[in-house]
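Colleague: Mapping of the sequence shown onto the UniProt record's numbering: residues 1 to 457, in sequence order.
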Amino acid sequence: MWGGRFADGPSAVMREINASIPFDKRLWRQDIAGSKAHVAMLAAQGIVAAADAGAIAKGLDAIAAEYEADGVAEDLALEDIHMHVEHRLAELIGPAAGRLHTARSRNDQVATDFRLWVRDAIDAVDAGLAAFQRALLDRAAEHADTVMPGFTHLQVAQPVTLGHHLMAYHAMADRDRSRFADARARLNRCPLGAAALAGTSFPIDRAATAAALGFDGPTANSLDSVSDRDFALDYLTAAAQCALHLSRLAEEFILWASQPFGFVALPDAYSTGSSIMPQKRNPDAAELVRGHAGRIVGAMTSLMITMKGLPLAYSKDMQDDKPPLFEAHDLLALSIAAMTGMVESAAFVPDRMRAALTAGHATATDLADWLVRVAGIPFREAHHITGGVVKAADEAGLPLWDMPLDAFQAIDPRIDASVFDVLSIEASVKSRTSFGGTAPDQVRARIAEAKAALEDK
Ligand code: ARG
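Now the structure itself:
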């Protein structure tokens, strides 16, 4: 395709290092769509004769059918997907195939193909995250009244509900979806027609190709068009952030599934056994989601470092944009699906959650708040008195709310029997009625809003 000024062909090593077909064949649909839009525009502008354009379009359809049926046969000598398609087109329709590349370069071609691919990837992730959110909403509604410890420093802090805890991940997924939507909006400009770097002297219609490919319009600067990969980095930074969220949920499931916690039994469908310890049920899927997050962050870093020193416009380093993005997308799609499945089918164990609350004196803050509200004691003093009660409860081996009244009064005589109204776990959770708090009615209201928003989109 470019051998005119060369006397010798490339060495075997050159062929191998130069070829991107082993990975960029994933762009074949986008490449053919881009070529069809381009040739239709060339014909409409009178740059290519209608008969040739018709033959090219038909040939491209035939290639799409072949690839659909048999995949893309790799030939390292043909470098990349763009040359594979063009070469096959020449085999099918003869010399007219050579007119397709008029007013175009592989530089604007690959930038267009890759944008189209990333746009589809964003749409797929968004659909996956919507399903993940649906699963969280269903389980949160089911467990709006199920109490569990809320932790800080992984120490029992205050009672919350499992529904509230699951809705925290729903909120994270909302922001992830908005980051992907942002990336999509910025990405949606078409670089086709920037040609190699400077634009073209042919009377092309960039608005037409942009519209045909579903872009909002053409990109404004030809140099930027062929050298910008921040659309890919926008995807990767959103993917990395999303993977971190999934990884934190995975980590909690791993922790909760371990015997000392016992808050959840992960379903067989997402667990594996041990070849030596017959009793084991390991949370491998969750562990791999946690592990994959590292690789996704690595993919983001990889492309950032590829891009950081490149002068304008195109350099071949940029061919290395695709493997990290493809890898990150595959891992992220799998991670979303795995976490969705685990959320849908996890068997939560409310009794164990309640037992952990009891051992942790989780309503101590409620006692301190009661001392402030009912007995008019300054919070710092109330905190100190409560600390004494907790110490006494520990010594007696009782949860706070099972201590006899005289034990409270021995520490502070201002305490009366009405204190027991606030010491129960249910009372504590019910009292957290501030907007976004853990009170079951609050959580149910947030779930209802989130459901409505999800169906709205
Ligand atoms: N395979 C190349 C890539 O992925 C296509 C662009 C090649 N352009 C060039 N001038 N060699 O980046």
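For every residue, glycine included, the Cβ atom is placed at its ideal position computed from N, Cα and C.
Is I150 helix, strand or coil when you go by DSSP?
Modeller: Here residue 150 refers to the residue found at position 150 of the sequence shown. The sequence shown places Gly at residue 150, not Ile. Three-state result, G150: strand.
Colleague: In three-state DSSP terms, what is P159?
Modeller: The sequence position of residue 159 within the sequence shown is 159, counting from 1. Of the three classes helix, strand and coil, the one that applies to P159 here is strand, per DSSP.
Colleague: Determine the extent of the alpha helix (DSSP H) in which Q109 is found, giving its start and end residues.
Modeller: Here residue 109 refers to the residue found at position 109 when the sequence shown is read from its first residue. It spans R106 to E142 - the alpha helix (DSSP H) in which Q109 sits, taken as one unbroken run.
Colleague: Buried or exposed: G59, going by 16 or more other Cβ atoms within 10 Å of its Cβ?
Modeller: Numbered from its first residue, the sequence shown carries residue 59 at position 59. It is buried - the Cβ of G59 has at least 16 other Cβ atoms within 10 Å.
Colleague: Taking DSSP as the reference, what is the three-state secondary structure of V264?
Modeller: One-based indexing of the sequence shown puts residue 264 at position 264. Here V264 sits in strand by DSSP.
Colleague: Does DSSP put F420 in a helix, in a strand, or in coil?
Modeller: As a working mapping, residue 420 is identified with position 420 in the sequence shown. Three-state DSSP puts F420 in a helix.
Colleague: So I56 and I93 are in contact, right, with Cβ under 8 angstroms, and what is the actual spacing, rounded?
Modeller: As a working mapping, residue 56 is identified with position 56 in the sequence shown. As a working mapping, residue 93 is identified with position 93 in the sequence shown. Right, the Cβ-Cβ distance comes to about 7 angstroms (below 8 angstroms), so this counts as a contact.
Colleague: Please tell me whether, using a cut-off of 6 angstroms, the distance from the CB of residue 460 to the nearest non-hydrogen atom of ligand 1 is below it.
Modeller: Residue 460 falls outside the range modelled here, since the chain spans only 1 to 457, and no answer is possible.
Colleague: My output table needs one value for F348: the three-state DSSP class, helix, strand or coil.
Modeller: Indexing the sequence shown from 1 puts residue 348 at position 348. Strand at F348.
Colleague: At a cut-off of 6 angstroms, is D351 close to ligand 1 when judged by its beta-carbon and the heavy atoms of the ligand?
Modeller: Taking the first residue of the sequence shown as 1, we reach residue 351 at position 351. Flag unset: Cβ of D351 not near ligand 1.
Colleague: For the candidate residues L398, D321, P378 and A131, whose alpha-carbon lies nearest to that of L27?
Modeller: To locate residue 27, count along the sequence shown from 1; it is residue 27. Per the Cα distances, D321.
Colleague: Applying the 10 Å Cβ sphere with the 16-neighbour rule, what's the burial state of K36?
Modeller: To locate residue 36, count along the sequence shown from 1; it is residue 36. When all chains shown are included, K36 counts as buried.
Colleague: In whole angstroms, what is the alpha-carbon distance linking A124 and R446?
Modeller: Counting from one through the sequence shown, the residue named residue 124 turns up at place 124. Counting from one through the sequence shown, the residue named residue 446 turns up at place 446. Spanning the two alpha carbons is a distance of roughly 26 angstroms.
Colleague: CA-CA distance, T112 and V443?
Modeller: Locating residue 112 in the sequence shown gives position 112, where the first residue counts as 1. Locating residue 443 in the sequence shown gives position 443, where the first residue counts as 1. Roughly 44 angstroms between the two C-alpha positions.
Colleague: Nearest CA to the CA of R119: which residue from A183, E66 and G98?
Modeller: Within the sequence shown, numbered from 1, the residue matching residue 119 stands at position 119. When only C-alpha atoms are compared, the closest one is A183.
Colleague: Closer than 6 angstroms by C-beta to S428: which residues in its own chain qualify, once you throw out the five before and the five after it? Chain order, please.
Modeller: Within the sequence shown, residue 428 is the residue found at index 428, counting from 1. Hits under 6 angstroms: P159, T363 and D366.
Colleague: Three Cβ pairs or more, each shorter than 8 angstroms: is that satisfied between the segment 285-305 and the segment 238-246?
Modeller: Contact between the segment 285-305 and the segment 238-246 is present, because at least three Cβ pairs lie under 8 angstroms.
Colleague: So for P323, helix, strand or coil by DSSP?
Modeller: Residue mapping note: residue 323 aligns to position 323 of the sequence shown, counting from 1. Helix at P323.
Colleague: I'd like the list of long-range same chain contacts for S345, defined as Cβ closer than 6 angstroms, with 5 residues on each side in sequence excluded.
Modeller: Your numbering for residue 345 matches position 345 in the sequence shown. The answer, listed in chain order, is P267.
Colleague: Would you say the beta carbon of M318 comes nearer than 6 angstroms to a heavy atom of ligand 1?
Modeller: Here residue 318 corresponds to residue number 318 of the sequence shown, with the count starting at 1. Checking the Cβ of M318 against ligand 1 gives yes.
Colleague: Alpha carbon to alpha carbon, what distance is there between T161 and T386?
Modeller: Looking up residue 386 in the sequence shown gives position 386. Looking up residue 161 in the sequence shown gives position 161. One C-alpha to the other measures close to 23 angstroms.
Colleague: Are the beta-carbon atoms of P191 and S225 separated by less than 7 angstroms?
Modeller: Mapped onto the sequence shown, residue 191 falls at position 191. Mapped onto the sequence shown, residue 225 falls at position 225. Taking 7 angstroms as the Cβ cut-off, P191 and S225 qualify as a contacting pair.
Colleague: Answer yes or no: the CB of R106 versus the heavy atoms of ligand 1, is any distance below 6 angstroms?
Modeller: Sequence index remark: in the sequence shown, residue 106 carries index 106 (1-based). Within the cutoff, so yes.
Colleague: Could you work out which residue in H101, E74, E91 and N282 is closest to I204 when comparing CA atoms only?
Modeller: For the purposes of this step, residue 204 is taken as the residue at position 204 of the sequence shown. Answer by Cα proximity: H101.
Colleague: Rounded to whole angstroms, what is the Cα-Cα separation between R373 and V389?
Modeller: What you label residue 373 is simply residue 373 of the sequence shown in a count that begins at 1. What you label residue 389 is simply residue 389 of the sequence shown in a count that begins at 1. Distance between the alpha carbons of R373 and V389: 18 angstroms.
Colleague: Assuming contact is defined by CB atoms lying nearer than 7 angstroms, are A157 and F151 in contact in what I supplied?
Modeller: Position 157 of the sequence shown holds residue 157. Position 151 of the sequence shown holds residue 151. Going by C-beta atoms, A157 is nearer than 7 angstroms to F151.
Colleague: Following a CB-centred definition, is S271 positioned closer than 6 angstroms to any heavy atom of ligand 3?
Modeller: Inclusion of ligand 3 in the displayed structure is not the case, the ligand content consisting of ligand 1 alone.
Colleague: Should D8 be labelled buried (16 or more other beta-carbon atoms within 10 Å of its own) or exposed?
Modeller: To locate residue 8, count along the sequence shown from 1; it is residue 8. It is exposed - the Cβ of D8 has fewer than 16 other Cβ atoms within 10 Å.
Colleague: Reducing DSSP to helix, strand and coil, say where T272 ends up.
Modeller: The count along the sequence shown starts at 1 and reaches residue 272 at position 272. It is a strand residue.
Colleague: Please report how far the alpha carbon of A328 lies from the alpha carbon of S302, in whole angstroms.
Modeller: Here the question's residue 328 lines up with position 328 in the sequence shown. Here the question's residue 302 lines up with position 302 in the sequence shown. Their Cα atoms are separated by approximately 11 angstroms.
Colleague: According to the neighbour-count rule (16 or more other Cβ atoms, all chains shown, within 10 Å of its Cβ), is R5 buried or exposed?
Modeller: Numbered from 1 along the sequence shown, position 5 holds the residue referred to as residue 5. Exposed.
Colleague: Would you say the beta carbon of S20 comes nearer than 6 angstroms to a heavy atom of ligand 1?
Modeller: Residue mapping note: residue 20 aligns to position 20 of the sequence shown, counting from 1. True, at least one ligand heavy atom lies under 6 angstroms from that Cβ.
Colleague: Skipping 5 residues on each side, what residues in its chain have a beta carbon closer than 7 angstroms to that of L332?
Modeller: In the sequence shown, the residue the question calls residue 332 occupies position 332. Excluding positions up to five away in sequence, the list reads V125, A239, C242, A243 and I296.
Colleague: Cβ atoms of Q109 and H82: under 7 angstroms apart, would you say?
Modeller: Counting from one through the sequence shown, the residue named residue 82 turns up at place 82. Counting from one through the sequence shown, the residue named residue 109 turns up at place 109. Yes, these two residues count as a Cβ contact at 7 angstroms.
Colleague: Over the uninterrupted alpha helix (DSSP H) stretch that includes N18, give me the two end residues.
Modeller: Position 18 of the sequence shown, counted from the start, is the residue given in the question as residue 18. Segment A12 to N18, the alpha helix (DSSP H) holding N18.
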